Amino acid sequence: MANPWFTPAFFRFLTELRENNTREWFQDNRSRYEEDVRDPLLSFILAFGEPLSGVSRHFLADPRPSGGSMFRIFRDTRFSRDKSPYKTNVGAQFRHGACSRDVHSPGFYLHLEPGGCFASAGLWRPDAAALKAVRDRIVAHPREWKAIGGAGLEVLGESLVRVPQGFDAAHPLAEDLKLKDFYTHQPLTQK
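For the sequence shown, this note's numbering assigns the number 1418 to the initial residue and increments by one for each residue that follows.
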């Protein structure tokens, strides 16, 4: 069954934006962006709030077009060689409410791009205290940690070269203790 949010027009706009990434083209096609991309994504975010609350009432699905779950389409080009003014993908984040403005807080992410859609969940670049808490939990509850892999999810993230100080280098989950991020990634189709 096709979804009601991410239609062929949604991806067609992003494809055309990739080919015509100028302010003039975008201004001429702003109404298409709003009707075919922005509004459907905001509608999805609103609809996703209910099932997300079943995971945890602490995760937020904020359907505001600015300052909410949806990432802005405009690129920050100040320090980039690529001066293309717009992203050719759209994304939405669903962060933990206690730290909803912090990209390093636990959360979910949806990335929509022609030929490159995916969903991710986890913890990216947590602060030292949160990182230690996750590692302590892995050591204290190895069965719970292994169950993630048993569910068919691979935990990804950048790793240290050695097991961090204070943890046993011979621990059966030593490779996981080296992780600096803890997230999973699932490719999606455009349908």
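In this text, a Cβ means the ideal position worked out from N, Cα and C, and glycines have one as well. Quick caveat, the model's predicted, so the values are computed rather than measured.
Assuming contact is defined by CB atoms lying nearer than 8 angstroms, are residue i and residue j in contact in what I supplied?
i: Pro1559; j: Leu1605; result: no
i: Ser1609; j: Asp1479; result: Here the chain covers residues 1418 to 1608 and nothing more, so residue 1609 does not appear.
i: Phe1428; j: Pro1531; result: yes
i: Arg1449; j: Pro1482; result: no
For my contact list, residue i and residue j are in at a C-beta cut-off of 8 angstroms; report their separation, rounded to the angstrom.
i: Phe1465; j: Gln1607; result: Going by Cβ atoms, the distance from Phe1465 to Gln1607 rounds to 18 angstroms, so no, they are not a contact pair.
i: Tyr1600; j: Leu1573; result: 6 angstroms
i: Asp1598; j: Glu1575; result: 6 angstroms
Between residue i and residue j, what straight-line distance do the alpha-carbon atoms span, to the nearest angstrom?
i: Leu1596; j: Ala1564; result: 17 angstroms
i: His1588; j: Lys1549; result: 16 angstroms
i: Gln1582; j: Arg1552; result: 11 angstroms
i: Gly1533; j: Ala1509; result: 15 angstroms
i: Arg1447; j: Ala1546; result: 44 angstroms
i: Ser1473; j: Asn1420; result: 24 angstroms
i: Met1418; j: Trp1541; result: Note that Met1418 scores a pLDDT of 41, beneath 50, so its modelled location is shaky and nothing firm can be said.
i: Arg1498; j: Ala1557; result: 46 angstroms
i: Gln1603; j: Gly1569; result: 11 angstroms
i: Gly1471; j: Leu1463; result: 14 angstroms
i: Leu1459; j: Glu1433; result: 21 angstroms
i: Gln1444; j: Phe1496; result: 24 angstroms
i: Glu1451; j: Trp1442; result: 14 angstroms
Short of 8 angstroms in beta carbon distance, which residues of its chain neighbour residue i, apart from the five on each side in sequence? Order them along the chain.
i: Trp1562; result: Arg1554, Ile1555, Leu1590 and Asp1593
i: Val1580; result: Ala1586, His1588, Ala1591, Leu1594 and Lys1595
i: Asn1438; result: Ser1501, Pro1502, Tyr1503 and Thr1505
i: Gly1566; result: Val1572
i: Phe1488; result: Lys1504, Val1507, Gly1508, Ala1509 and Gln1510
Whose C-beta lies closer than 6 angstroms to the C-beta of residue i among residues of the same chain, with five residues either side of it excluded?
i: Asp1453; result: Ala1426, Phe1427 and Phe1430
i: Phe1525; result: Phe1511 and Ala1538
i: Arg1440; result: Pro1502
Within the same chain, show all residues whose beta-carbon is closer than 7 angstroms to that of residue i, passing over the 5 residues directly before and after it, in chain order.
i: Arg1435; result: Thr1505
i: Leu1469; result: Phe1476, Ala1478 and Phe1511
i: His1528; result: Asn1506, Gly1508, Cys1534 and Phe1535
i: Phe1628; result: This structure leaves residue 1628 out entirely; the chain is present only between 1418 and 1608.
Next on the checklist: Threshold first: 4 residues or longer. Then list the alpha helix (DSSP H) segments lying entirely within the region 1509-1581, N to C.
Outcome noted: 1545-1557 and 1559-1567
Item to check | alpha helix (DSSP H) segments (min. 4 residues) lying fully within the region 1427-1478 | outcome: 1440-1445 and 1456-1472
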